[in-house]
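Here the structure comes first, spelled out in structure tokens, and everything after it is commentary.
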Amino acid sequence: MPPTKQEISLLINPLVPEAVQHNNRILSNLHSITSFLLGLAAGILALQSTTGFIFYLAGTVVVSGVFHIFLLYRSNGQGAGVFFPGPNVGEIEGIDAKGMVWGSGREVKRKGAWRDVWLGGGVFGEALSGFVLGWAGVGGVLR
Numbered sequence: 001m002p003p004t005k006q007e008i009s010l011l012i013n014p015l016v017p018e019a020v021q022h023n024n025r026i027l028s029n030l031h032s033i034t035s036f037l038l039g040l041a042a043g044i045l046a047l048q049s050t051t052g053f054i055f056y057l058a059g060t061v062v063v064s065g066v067f068h069i070f071l072l073y074r075s076n077g078q079g080a081g082v083f084f085p086g087p088n089v090g091e092i093e094g095i096d097a098k099g100m101v102w103g104s105g106r107e108v109k110r111k112g113a114w115r116d117v118w119l120g121g122g123v124f125g126e127a128l129s130g131f132v133l134g135w136a137g138v139g140g141v142l143r
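Here full-length UniProt numbering is used: the first residue of the sequence shown is 1, the next is one more, and so on.
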């Protein structure tokens, strides 16, 4: 049976599972801490209802953007695929149906790895609950 695109991708540019777990843990910690701080800021500013959640989304976009720029800098422009596998578990865009990597004219990037940076790390899960906790806690104390 011929190897799949994912298997060829991981042979060409392997990802170490421990390194990926570490990167995901760092990203989760970053989103959790910044979400809680955004919640504290929203409580201090007395933001209510939709305005508070828009503040959270805007703050999350800014933090994810800064982190993505940092990843671009660290990977010499190759993107988040150097550090994160993406939803297809490491599949690289530069591989054709025969398993051949495109020529040197194109960069080899992992498909969808940007989603791990922008939507990973509990942005709509544990980080959101930290935001609400900080927001409600400080808002309740100040009123």
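Where a beta carbon is used, it is the ideal one built from N, C-alpha and C, also for glycine.
- Taking the CA atoms as reference points, Gly77 sits about 29 Å from Pro3.
- In terms of CA proximity to Tyr56, Ala41 leads the group Phe67, Leu27 and Ala41.
- Assignment of Pro17 by DSSP, reduced to helix, strand and coil, places it in the helix class.
- Of Asn24, Phe131 and Gly140, the smallest CA-CA separation from Gly59 is found for Phe131.
- Counting along the chain, Ala127 sits inside the alpha helix (DSSP H) bounded by residues Glu126 to Leu142.
- The continuous stretches of alpha helix (DSSP H) do not include Leu47, and DSSP gives it neither H nor E.
- Around the Cβ of Gly140, a 10 Å sphere holds fewer than 16 other Cβ atoms; the residue is exposed.
- Look at Val123 here: in three-state DSSP terms it is coil, with no helix or strand label.
- Judged by pairs of C-beta atoms under 8 Å, the region 66-82 does not touch the region 45-54, as fewer than three such pairs exist.
- Just measuring C-alpha positions, the residue of Val61, Val20, His22 and Val16 sitting nearest Leu38 is Val61.
- The Cβ atoms of Ala136 and Ser32 lie no closer than 7 Å to each other.
- Distance check between Gly112 and each of Leu45, Val82 and Arg143 places Val82 closest, using alpha-carbon atoms only.
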